[in-house]
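Trainee: Pasting in a structure now, in structure tokens, and then I'll have a few things to ask.
Protein chains: 2
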Amino acid sequence: MRWDSVGDLNCSVARTLAIVGERWTMLILRDAFLGHRRFDEFQTGTGIARNILSSRLRALVANGILERVKAEGEVGRIEYRLTKKGIDLYPLIVAMLKWGDTWLADEHGPPLTLIHRTCGARTTPVMVCPQCGQHIAARDMVAIPRRPAHHVRRPARGTHRQASR
Amino acid sequence: MRWDSVGDLNCSVARTLAIVGERWTMLILRDAFLGHRRFDEFQTGTGIARNILSSRLRALVANGILERVKAEGEVGRIEYRLTKKGIDLYPLIVAMLKWGDTWLADEHGPPLTLIHRTCGARTTPVMVCPQCGQHIAARDMVAIPRRPAHHVRRPARGTHRQASR
DNA sequence: CGGTATCCCATTTGATACTG
DNA sequence: CAGTATCAAATGGGATACCG
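Protein chains in written order, with this note's numbering: chain A, 226 to 390; chain B, 226 to 390.
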């Protein structure tokens with residue numbers, strides 16, 4: 226399968242990956258969450274080549290994750306800001322941050338510490354079930370396909386498959 | 226900057242991306258969480274080319290995320306199982322699933338529903354602060370670098386930078 | 001500052017065939 | 001079943017130069 230068709234799969238994970246799964250893209254988003262807004266900030270922050278950065282920013286804007294606005298006050302100043310859709314990616318960043326802290330940290334400990342402003346605690350977000358409040362463990366979750374026994378099989382063009390996930 | 230050196234950055238997000246940021250890799254992991262264990266299951270599940278799959282599986286095993294075991298009972302049968310380190314990636318998958326459900330779903334609704342076995346509820350995990358129990362919003366979090374004002378600047382070889390994030 | 005344009009090499013990929 | 005081997009084609013990526 227071509228990567229371009231991954232976004233067409235009937236799977237939210239695949240669709241998400243098709244948009245933010247590109248490696249530099251997530252790094253750009255990390256910077257966005259750290260408050261970066263300008264082209265050159267992203268460039269130095271991520272170390273990405275300028276032409277690639279340009280292309281990735283354009284894609285993020287096209288996908289409604291960043292919005293490109295002319296900054297007030299200074300003329301010719303452009304800012305890229307996270308939209309609601311973009312801000313909603315925060316759990317993804319946090320999940321990576323946390324996993325990295327847990328499994329990839331060096332002897333100095335986590336490079337970054339998070340503080341929850343509203344309660345003042347130095348903390349790391351955890352995933353819970355909103356119904357019962359318990360921590361989520363992978364083994365406790367069951368995934369149910371939308372249409373359990375109804376497999377749509379398309380006429381099969383080449384290696385084109387459908388994945389009902 | 227070369228992508229290979231991203232893993233060396235002093236940033237947990239970057240380090241995590243260096244390992245699981247590859248596009249097919251996350252798709253393989255999605256399948257792993259859905260219970261897939263065999264080479265061919267992954268192959269049909271993801272649609273990835275066999276040689277690439279082979280290479281990705283090897284990397285995942287090398288990184289301690291999957292373990293390659295000879296299945297008992299059937300001879301010559303290999304299984305790839307999530308290790309503890311791999312299972313710990315679950316929040317990442319869920320975060321993607323949820324974002325995709327929210328922002329990329331078609332008119333049929335989410336392709337997959339999650340059920341929390343322990344409480345029986347059809348649910349979607351949320352991120353909360355373990356201290357105060359409140360939902361986490363990006364704006365409520367502040368990130369503090371480990372060594373706030375101490376910037377190490379290396380002799381600068383080529384475009385090599387350091388990012389203290 | 002905020003990009004585009006271009007060049008050109010390195011890597012990835014997909015398909016296919018083959019092996020123990 | 002679980003891969004390897006091979007190879008052509010596409011893509012990605014870095015450097016650099018240039019523009020409004």
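Backbone N, C-alpha and C define an ideal beta-carbon position, used for all residues, glycine too.
Note that the structure is predicted; figures quoted are calculated from it, not measured.
#1: Classify M226(B) as helix, strand or coil using the three-state DSSP reduction.
#2: For the segment 325-343 of chain B, which residues have a beta carbon sitting closer than 8 Å to at least one beta carbon of chain A?
#3: At a CB-CB cut-off below 9 Å, which residues of chain B make contact with Y305(A)?
#4: Taking the alpha-carbon positions, what's the I244(A) to Y315(A) distance?
#5: For the beta strand (DSSP E) containing L299(A), list its first residue and its last residue.
#6: Please list the segments of the beta strand (DSSP E) lying wholly inside the segment 255-311 of chain A, counting only runs of 3 or more residues, in order along the chain.
#7: Which of helix, strand or coil does DSSP assign to L322(A)?
#8: Please name the residue or residues paired with P370(B) in a DSSP beta bridge.
#9: Which same chain residues, not among the five before or five after G409(B), have their C-beta less than 6 Å away from its C-beta?
#10: Could you say which of I318(A), L317(A), P336(A) lies nearest to D326(A) if we only look at CA atoms?
#11: Using the DSSP secondary-structure output, state which residues sit across from R240(B) in a beta bridge.
#12: Tell me the DSSP secondary structure of R364(A) in three-state form.
#13: Measuring CA to CA, which of G232(B), A330(B), T348(B), P370(B) is closest to I369(A)?
#14: Find the nearest neighbour of Q356(A) within the set A362(B), C344(B), R364(B), judged by alpha-carbon distance.
Mentor: Taking the structure as given:
#1: coil
#2: G325, D326, T327, W328, L329, A330, H333, G334, P335, P336, L337, T338, L339, I340, H341, R342, T343
#3: The premise fails here: Y305(A) is roughly 15 Å from chain B at the closest Cβ pair, so nothing lies under 9 Å.
#4: 15 Å
#5: One point to set straight first is that residue 299(A) is Glu, not Leu, in the sequence displayed. Per DSSP, E299(A) belongs to no beta strand (DSSP E) and is neither H nor E.
#6: 291-295, 303-307
#7: In the structure shown, L322(A) sits in a helix (DSSP, three-state: H, G or I).
#8: Answer is L337(A), bridged to P370(B).
#9: Here chain B comprises residues numbered 226 to 390, so residue 409(B) is not present and cannot be evaluated.
#10: P336(A)
#11: In DSSP, R240(B) forms no bridge with anything.
#12: helix
#13: T348(B)
#14: Selected option, being the one with the closest Cα: C344(B).
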